[in-house]
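2 protein chains.
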Amino acid sequence: MKSIDTLIEQRFSPKHFADRAVSEEQLHQLFEAARRAPSSFNEQPWRFIYATQEHPEAYQKLLSCISEHNQQWAKSAPVLMLSLAKKHFSRNEKPNRHAWHDTGTAIGFLLLKATEMDLYAHQMAGFNPEKAREVLGIPNEYDPVAMMAVGYLGEEENPNKLRKPVNEIAFTGNSHGLL
Amino acid sequence: MKSIDTLIEQRFSPKHFADRAVSEEQLHQLFEAARRAPSSFNEQPWRFIYATQEHPEAYQKLLSCISEHNQQWAKSAPVLMLSLAKKHFSRNEKPNRHAWHDTGTAIGFLLLKATEMDLYAHQMAGFNPEKAREVLGIPNEYDPVAMMAVGYLGEEENPNKLRKPVNEIAFTGNSHGLL
Numbered sequence: 213m214k215s216i217d218t219l220i221e222q223r224f225s226p227k228h229f230a231d232r233a234v235s236e237e238q239l240h241q242l243f244e245a246a247r248r249a250p251s252s253f254n255e256q257p258w259r260f261i262y263a264t265q266e267h268p269e270a271y272q273k274l275l276s277c278i279s280e281h282n283q284q285w286a287k288s289a290p291v292l293m294l295s296l297a298k299k300h301f302s303r304n305e306k307p308n309r310h311a312w313h314d315t316g317t318a319i320g321f322l323l324l325k326a327t328e329m330d331l332y333a334h335q336m337a338g339f340n341p342e343k344a345r346e347v348l349g350i351p352n353e354y355d356p357v358a359m360m361a362v363g364y365l366g367e368e369e370n371p372n373k374l375r376k377p378v379n380e381i382a383f384t385g386n387s388h389g390l391l
Numbered sequence: 213m214k215s216i217d218t219l220i221e222q223r224f225s226p227k228h229f230a231d232r233a234v235s236e237e238q239l240h241q242l243f244e245a246a247r248r249a250p251s252s253f254n255e256q257p258w259r260f261i262y263a264t265q266e267h268p269e270a271y272q273k274l275l276s277c278i279s280e281h282n283q284q285w286a287k288s289a290p291v292l293m294l295s296l297a298k299k300h301f302s303r304n305e306k307p308n309r310h311a312w313h314d315t316g317t318a319i320g321f322l323l324l325k326a327t328e329m330d331l332y333a334h335q336m337a338g339f340n341p342e343k344a345r346e347v348l349g350i351p352n353e354y355d356p357v358a359m360m361a362v363g364y365l366g367e368e369e370n371p372n373k374l375r376k377p378v379n380e381i382a383f384t385g386n387s388h389g390l391l
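Going down the list, the protein sequences come from chains A and B.
Its first residue numbered 213, the first sequence is counted upward by one per residue in my numbering.
Its first residue numbered 213, the second sequence is counted upward by one per residue in my numbering.
1. Helix, strand or coil: how does DSSP classify valine 347 of chain A here?
2. Please report the straight-line C-alpha distance between isoleucine 261 of chain B and asparagine 386 of chain A, rounded to a whole angstrom.
3. Pick helix, strand or coil for serine 387 of chain A, following the three-state DSSP scheme.
4. Are the C-beta atoms of phenylalanine 339 of chain B and some chain A residue less than 8 Å apart?
5. Using CA atoms only, rank isn't needed, just tell me which of A/Glu305, A/His240, A/Glu380 is closest to arginine 247 of chain B.
6. If the criterion is Cβ atoms closer than 8 Å, does the pair proline 396 of chain B and histidine 388 of chain B meet it?
7. Just to confirm the assignment, what range does the beta strand (DSSP E) spanning histidine 334 of chain A have?
8. Determine the closest residue to glutamate 255 of chain A out of A/Lys376, A/Asp231, A/Gly320, A/Phe301, with distance taken between C-alpha atoms.
9. If I measure Cβ to Cβ from methionine 360 of chain B and keep anything under 6 Å in the same chain, skipping five residues before and after, which residues do I get?
10. Cutting at 8 Å between CB atoms, please list the residues of its own chain near glutamine 283 of chain B, excluding the five before and the five after it.
11. Would you mind working out which of A/Arg303, A/Pro268, A/Asn352 sits nearest valine 291 of chain A, comparing C-alpha positions?
12. Is alanine 364 of chain B close to chain A, meaning its C-beta is less than 8 Å from at least one C-beta of that chain?
13. With C-beta atoms as the reference, is alanine 337 of chain B less than 8 Å away from serine 252 of chain A?
14. Output, in sequence order along the chain, the residues in the region 363-382 of chain A whose CB is closer than 7 Å to any CB in chain B.
15. Roughly how many whole angstroms lie between the Cα atoms of methionine 213 of chain A and glutamate 342 of chain B?
16. As a quick exercise: from B/Ala318, B/Pro307, B/Tyr364, B/Val347, pick the residue whose alpha carbon is nearest that of alanine 382 of chain A.
17. Counting only beta-carbon separations shorter than 8 Å, does methionine 359 of chain A have a partner in chain B?
18. Within the 8 Å Cβ cut-off, does glutamine 335 of chain B reach chain A?
19. Give the residues from the region 254-267 of chain A that approach chain B closer than 9 Å (Cβ to any Cβ), ordered along the chain.
20. What residue range is occupied by the uninterrupted beta strand (DSSP E) comprising serine 295 of chain B?
21. On the three-state DSSP scale, how would you describe glycine 366 of chain A?
22. Between the region 310-330 of chain B and the region 355-370 of chain B, do three or more beta carbon pairs fall short of 8 Å?
23. Ends of the beta strand (DSSP E) at arginine 259 of chain B?
24. Name the DSSP beta bridge partners of aspartate 355 of chain A, please?
25. What residues in the region 287-307 of chain B have a beta carbon less than 7 Å from any beta carbon of chain A?
26. Does the beta-carbon of asparagine 352 of chain B have 16 or more other beta-carbons within 10 angstroms, so that it is buried, or is it exposed?
27. Whole-angstrom Cβ separation of isoleucine 350 of chain B and leucine 390 of chain A, contact assumed at under 8 Å?
28. Below 8 Å on the Cβ atoms is my guess for glutamine 241 of chain A versus methionine 329 of chain A; work out the distance and round it to an integer in Å.
29. Decide if lysine 298 of chain A is buried, meaning its Cβ has at least 16 other Cβ atoms within 10 Å, or exposed.
30. With a threshold of 8 Å between beta-carbons, can tyrosine 332 of chain B be considered close to chain A, or not?
31. According to DSSP, is proline 250 of chain A helix, strand or coil?
32. According to DSSP, simplified to helix, strand and coil, what is alanine 245 of chain A?
33. Starting from proline 307 of chain B, follow the alpha helix (DSSP H) in both directions and report where the run begins and ends.
34. At least one CB of chain A closer than 8 Å to the CB of asparagine 386 of chain B: is that the case?
35. Buried or exposed: which applies to leucine 374 of chain B, given that a residue is buried once 16 or more other Cβ atoms fall within 10 Å of its Cβ?
36. Using a 10 Å radius around the Cβ and a threshold of 16 neighbouring Cβ atoms, would you call proline 307 of chain A buried or exposed?
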């Protein structure tokens, strides 16, 4: 069993995926993790449209929404996914200020669950939201948020991306560090 | 050691905190988890302003930004926090479409790390962002995102909030379930 620290440390966003399928059952486990995230008024604004390479037509649709640059590596992933955020609260139709934020939290849970299963995910801002809406028939109420490639690790990669130290992101009692 | 499934299952947002302090070292561990989250162009847009009850002036400032309804229970928390999102990319000053989303992912990591440490967090949308900006002197470049109360569990609570099943949040290849 891996500790949460190990999962957080191990996770990274690869550009090379192994030629190894990810099953529907495995994907179900990822969504099980995502669905337990907290959300404003328990709205659960997150949605996911996904396709495996076993469904080439659906897979190609998702792939076609990704920028050409990202397609180069993303097309090796056995699974492509699009995350969506529901823009208004279902209970009163008011705008949900935290729809994207809460979708991000659900993604955080999904990513760490994936790492536990030796799966890796790489999210992309580089895709065409309007095209996604058209190609996938996404209702106006949902924002296309991010594309994601999921699979097993392919060739070796250096995962180390520099991160800001804690004293550059957390400040006690005041905002001086932000200035 | 707790599995990721256990952490996800155990986590909930309590309304009663024990009269037990959370140390700076523990808070540092939470931010260590948050800072490793993925973000668009590795921007790391998340920031946190926090105060413990050991610093009453700073604590009261944060508390004063919370809605009266939420203050009733939040004031029992040994730590209050405000998450912030940096609105533009530092590298080119363009708007960061994923600033809130990525902040949400960092929060996801923080929440599961907290659970591993037997800490619980309760986020609040019910606060006054304009007041927070004023009271805490937050530069315009940062959006106040959510307040958070953190501490050990107080009295027993029923944590069970209903969640949508996977087949209501994840759809293979199309958006039919969204309609």
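In this text, a Cβ means the ideal position worked out from N, Cα and C, and glycines have one as well.
Please read all numbers here as calculations on a predicted model, not as lab measurements.
The relevant details are as follows:
1. Position 135 of the first sequence, counted from the first residue, corresponds to residue 347 of chain A. The answer is helix: DSSP assigns valine 347 of chain A an H, G or I state.
2. On the second sequence, position 49 is the one that residue 261 of chain B refers to. On the first sequence, position 174 is the one that residue 386 of chain A refers to. Computed Cα separation, rounded: 6 Å.
3. Position 175 of the first sequence, counting from 1, holds the residue named residue 387 of chain A. Of the three classes helix, strand and coil, the one that applies to serine 387 of chain A here is coil, per DSSP.
4. Residue 339 of chain B sits at position 127 when you count from the first residue of the second sequence. No - not a single Cβ of chain A is within 8 Å of the one on phenylalanine 339 of chain B.
5. In the second sequence, counting from the first residue as 1, residue 247 of chain B sits at position 35. Considering only alpha carbons, the answer is A/Glu380.
6. Given a span of 213 to 391 for chain B in the structure shown, any question on residue 396 of chain B remains unanswerable.
7. Taking the first residue of the first sequence as position 1, residue 334 of chain A is located at position 122. Histidine 334 of chain A -> beta strand (DSSP E) spans 332-336.
8. Counted from its first residue, the first sequence places residue 255 of chain A at position 43. Per the Cα distances, A/Phe301.
9. Along the second sequence, read from residue 1 onward, the residue named residue 360 of chain B stands at position 148. For methionine 360 of chain B, where only same-chain residues beyond five positions count, the Cβ hits under 6 Å are Met293, Ala333, Gln335.
10. For the purposes of this step, residue 283 of chain B is taken as the residue at position 71 of the second sequence. Counting only Cβ-Cβ distances below 8 Å, and skipping sequence neighbours, we find Leu275.
11. Locating residue 291 of chain A in the first sequence gives position 79, counting from the first residue. For valine 291 of chain A, the nearest C-alpha among the options comes from A/Pro268.
12. Counted from its first residue, the second sequence places residue 364 of chain B at position 152. The displayed chain sequence assigns tyrosine, not alanine, to residue 364 of chain B. Not one chain A Cβ lies under 8 Å of tyrosine 364 of chain B.
13. Counting from one through the second sequence, the residue named residue 337 of chain B turns up at place 125. Counting from one through the first sequence, the residue named residue 252 of chain A turns up at place 40. Contact flag set, yes.
14. Lys373, Arg375, Lys376, Val378, Ile381, Ala382
15. Here residue 213 of chain A corresponds to residue number 1 of the first sequence, with the count starting at 1. Here residue 342 of chain B corresponds to residue number 130 of the second sequence, with the count starting at 1. Cα-Cα distance, rounded: 44 Å.
16. As a working note, residue 382 of chain A is residue 170 in the first sequence. Of the listed residues, the one whose Cα sits closest to alanine 382 of chain A is B/Ala318.
17. The count along the first sequence starts at 1 and reaches residue 359 of chain A at position 147. Output row for methionine 359 of chain A: interface = no.
18. As a working note, residue 335 of chain B is residue 123 in the second sequence. Chain A contact via Cβ: present.
19. Asn254, Gln256, Trp258, Arg259, Phe260, Ile261, Tyr262, Ala263, Thr264, His267
20. In the second sequence, the residue the question calls residue 295 of chain B occupies position 83. Residues 291-298.
21. As a position in the first sequence, residue 366 of chain A is number 154, starting the count at 1. Three-state result, glycine 366 of chain A: coil.
22. yes
23. Here residue 259 of chain B corresponds to residue number 47 of the second sequence, with the count starting at 1. Looking at the DSSP string, the run of the beta strand (DSSP E) that includes arginine 259 of chain B is 258-264.
24. Mapped onto the first sequence, residue 355 of chain A falls at position 143. According to DSSP, aspartate 355 of chain A bridges with A/Ala297.
25. none
26. For the purposes of this step, residue 352 of chain B is taken as residue 140 along the second sequence, with counting starting at 1. When all chains shown are included, asparagine 352 of chain B counts as exposed.
27. The sequence position of residue 350 of chain B within the second sequence is 138, counting from 1. The sequence position of residue 390 of chain A within the first sequence is 178, counting from 1. The Cβ separation is near 7 Å, so the contact holds.
28. Locating residue 241 of chain A in the first sequence gives position 29, counting from the first residue. Locating residue 329 of chain A in the first sequence gives position 117, counting from the first residue. Contact holds; Cβ gap of about 7 Å.
29. For the purposes of this step, residue 298 of chain A is taken as residue 86 along the first sequence, with counting starting at 1. Label assigned to lysine 298 of chain A: buried.
30. By 1-based counting over the second sequence, the position of residue 332 of chain B is 120. No, because no Cβ of chain A sits closer than 8 Å to the Cβ of tyrosine 332 of chain B.
31. As a first step, residue 250 of chain A must be located in the first sequence, where it is residue number 38. Coil, per DSSP.
32. As a working note, residue 245 of chain A is residue 33 in the first sequence. Looking at alanine 245 of chain A - three-state DSSP - the assignment turns out to be helix.
33. In the second sequence, the residue the question calls residue 307 of chain B occupies position 95. Unbroken run through proline 307 of chain B: none, as it is neither H nor E.
34. The sequence position of residue 386 of chain B within the second sequence is 174, counting from 1. Judged by the 8 Å Cβ criterion, asparagine 386 of chain B is in contact with chain A.
35. Mapped onto the second sequence, residue 374 of chain B falls at position 162. Exposed is the call here.
36. Along the first sequence, one-based indexing puts residue 307 of chain A at 95. By the neighbour-count rule (16 or more Cβ atoms within 10 Å), proline 307 of chain A is not buried but exposed.
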